[in-house]
Amino acid sequence: TATATDKDGDTASADLDIEGTLSFLDDGPSVTTNAVLTVLEVDETVLTTNDSENFASAFTVNTYGADGQALSNALVYSLGISSVGAVSGVIDVATGQAVYLYALVTGEVVGLVGAGGFADPLGAEAFRISVNAATGQVDLDQVRALQHPNPAQPNELINLTTNAVTLIATATDKDGDSAFASISLGDKVGFRDDVPTIVTTGAVINVEVDETTLLTNQTENFSTAFNINYRADGAGTTVYSLTASSVGAVSGVIDVATGQAVYLYQEGADIVGRVGSAGAPDAGGAEAFRISVNAGTGEVTLDQVRALEHPNSAQPNELINLTTNAVTLT
């Protein structure tokens with residue numbers, strides 16, 4: 001109300017409604033991101049072992065404003081994906097199919113194996129990412145083996161696509177205003193490769209031929225001499241091969257007809273024992289025996305071609321052997 005008064009006391013007044021000209025602007029929280037050094041990594045060597053890391057330091061709540069922070073759930077962490085069925089950037093070993101991303105109502109993100117080159121919401125679970133909404137602790141659980149393209153890197157690290165998965169921090173003040181910030185988790189989620197292991201079992205397997213029946217070869221399967229663990233990726237191929245300790249290595253046996261020692265040569269996949277000449281190896285010498293292996297099964301065959309000296313004349317069925325480690329099966 002404005003009132004005017006003249007010199008002899010007369011007054012006049014007028015009212016103006018200013019209700020629409022007064023306002024009270026709200027404020028709200030402010031959240032920003034920080035440099036992120038934290039990473040989540042799991043290793044297929046121990047597929048059942050998850051990784052858990054805290055990403056709270058990736059965010060700073062600058063202010064909740066004049067209202068102050070909410071009495072509960074003032075800062076909440078959550079996961080997001082770039083789209084439903086988004087390409088994760090990794091491939092399932094067992095099927096050769098790409099893995100696609102889905103957000104669950106529980107707040108978790110799962111990578112599901114596709115079908116026929118497309119996303120499949122019913123596909124097998126390859127991995128799962130979850131977050132503790134109150135603390136920012138993120139867990140990574142790998143369920144299935146994933147392809148690692150470089151076979152020369154036994155501990156190779158692969159990551160999800162950048163921004164395919166995001167971690168979001170949402171701050172809320174007392175009157176319900178909120179603000180959020182997000183970081184990419186994709187490039188910070190990694191899966192390390194494992195490698196097969198193979199050890200010898202100590203199984204005693206012998207390949208013996210008898211000069212009584214010189215034309216009869218002997219074959220024995222040595223696959224049980226090895227214990228193979230293909231680990232998370234599963235079985236691929238097993239290849240068996242023979243090697244000689246060196247070119248022209250001494251075999252440890254002597255040819256009867258010439259009295260010359262027999263020397264070892266790698267010829268293709270076989271090991272051939274050739275009769276020496278004048279006390280020295282001879283790559284062109286007569287073949288005394290041949291050892292071959294079936295690369296796929298581990299069956300080793302010994303074919304004796306020429307008679308060999310057995311030093312003990314009192315033992316008509318005497319057994320002689322090649323020098324230890326002169327020939328190895330790998």
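The sequence shown runs 1 to 330 under our numbering.
Beta carbons are placed, not taken as given, at the ideal position from N, Cα and C, and that holds for glycine.
Cβ of residue i within 7 Å of Cβ of residue j?
{"i": "Asp92", "j": "Ala66", "result": "no"}
{"i": "Tyr230", "j": "Gly248", "result": "no"}
{"i": "Thr5", "j": "Ser13", "result": "no"}
{"i": "Ser182", "j": "Thr166", "result": "yes"}
{"i": "Asp120", "j": "Arg128", "result": "no"}
{"i": "Tyr64", "j": "Asp173", "result": "yes"}
{"i": "Ala225", "j": "Asp255", "result": "no"}
{"i": "Ile331", "j": "Val90", "result": "Since the first and last residues shown for the chain are 1 and 330, residue 331 lies out of range."}
{"i": "Leu302", "j": "Ile291", "result": "yes"}
{"i": "Leu160", "j": "Gly186", "result": "yes"}
{"i": "Leu322", "j": "Gly252", "result": "yes"}
{"i": "Phe59", "j": "Thr33", "result": "yes"}
{"i": "Val105", "j": "Ala126", "result": "no"}
{"i": "Gly284", "j": "Gly276", "result": "no"}
{"i": "Leu242", "j": "Leu329", "result": "yes"}
{"i": "Asp193", "j": "Glu156", "result": "yes"}
{"i": "Ala86", "j": "Ala35", "result": "no"}
{"i": "Asp10", "j": "Thr1", "result": "no"}
{"i": "Val305", "j": "Ile271", "result": "no"}
{"i": "Tyr77", "j": "Gly20", "result": "no"}
Could you name the residues that DSSP lists as bridge partners for residue i?
{"i": "Ala283", "result": "Answer by DSSP bridge pairing: none, since Ala283 is not bridged."}
{"i": "Leu140", "result": "Asp51, Ile129"}
{"i": "Tyr230", "result": "The partner list for Tyr230 (beta bridge, DSSP) is empty, contrary to what the question assumes."}
{"i": "Leu322", "result": "Beta-bridge pairing links Leu322 to no other residue."}
{"i": "Thr11", "result": "Thr5"}
{"i": "Val109", "result": "Ala103, Ile129"}
{"i": "Arg274", "result": "Tyr263, Glu287"}
{"i": "Arg192", "result": "Asp43, Leu157"}
{"i": "Gly268", "result": "Note: Gly268 sits in no beta bridge, so no partner."}
{"i": "Thr200", "result": "Phe226"}
{"i": "Ala115", "result": "Phe118"}
{"i": "Gly80", "result": "Thr166"}
{"i": "Ser182", "result": "Ile168"}
{"i": "Gln218", "result": "Leu302"}
{"i": "Thr32", "result": "Thr60"}
{"i": "Thr328", "result": "Thr243"}
{"i": "Ser72", "result": "Answer is none; Ser72 lacks a bridge partner."}
Among residues of its own chain, excluding the 5 on either side of residue i, which ones have a beta-carbon nearer than 6 Å to its beta-carbon?
{"i": "Ser130", "result": "Glu108, Asp139"}
{"i": "Ala171", "result": "Pro29, Val31, Val61, Leu75, Ala179"}
{"i": "Ala295", "result": "Val239, Tyr240"}
{"i": "Ser223", "result": "Gly298"}
{"i": "Gln266", "result": "Ala244"}
{"i": "Gly117", "result": "none"}
{"i": "Gly331", "result": "The structure shown does not extend to residue 331, since the chain is modelled only from 1 through 330, so no value can be given for it."}
Identify whether residue i lies in helix, strand or coil by the three-state DSSP scheme.
{"i": "Ser57", "result": "helix"}
{"i": "Ser223", "result": "helix"}
{"i": "Glu19", "result": "helix"}
{"i": "Glu211", "result": "helix"}
{"i": "Glu44", "result": "helix"}
{"i": "Asp173", "result": "strand"}
{"i": "Asp187", "result": "helix"}
{"i": "Ser251", "result": "strand"}
{"i": "Asp120", "result": "coil"}
{"i": "Leu37", "result": "coil"}
{"i": "Ala235", "result": "coil"}
{"i": "Asp67", "result": "coil"}
{"i": "Tyr166", "result": "Sequence inspection shows Thr at residue 166; the Tyr mentioned does not correspond to that position. Reduced to three states, the DSSP call for Thr166 is strand."}
{"i": "Gln304", "result": "strand"}
{"i": "Asp27", "result": "coil"}
{"i": "Glu309", "result": "coil"}
{"i": "Ile205", "result": "coil"}
{"i": "Ala94", "result": "coil"}
{"i": "Ala244", "result": "strand"}
{"i": "Val256", "result": "coil"}
{"i": "Ser88", "result": "strand"}
Short of 8 Å in beta carbon distance, which residues of its chain neighbour residue i, apart from the five on each side in sequence? Order them along the chain.
{"i": "Gln218", "result": "Val207, Glu208, Val209, Thr301, Leu302"}
{"i": "Thr216", "result": "Val209, Asp210"}
{"i": "Thr38", "result": "Glu53, Asn54, Phe55, Ser57, Ala58, Lys188"}
Note down, in chain order, each residue of its chain lying with its Cβ closer than 7 Å to the Cβ of residue i, except the 5 sequence neighbours on either side.
{"i": "Pro196", "result": "Ile228, Asn229, Tyr230, Arg231"}
{"i": "Thr200", "result": "Ala225, Phe226"}
Should the region 90-104 be called in touch with the region 31-42, which here means at least 3 C-beta pairs below 8 Å? no
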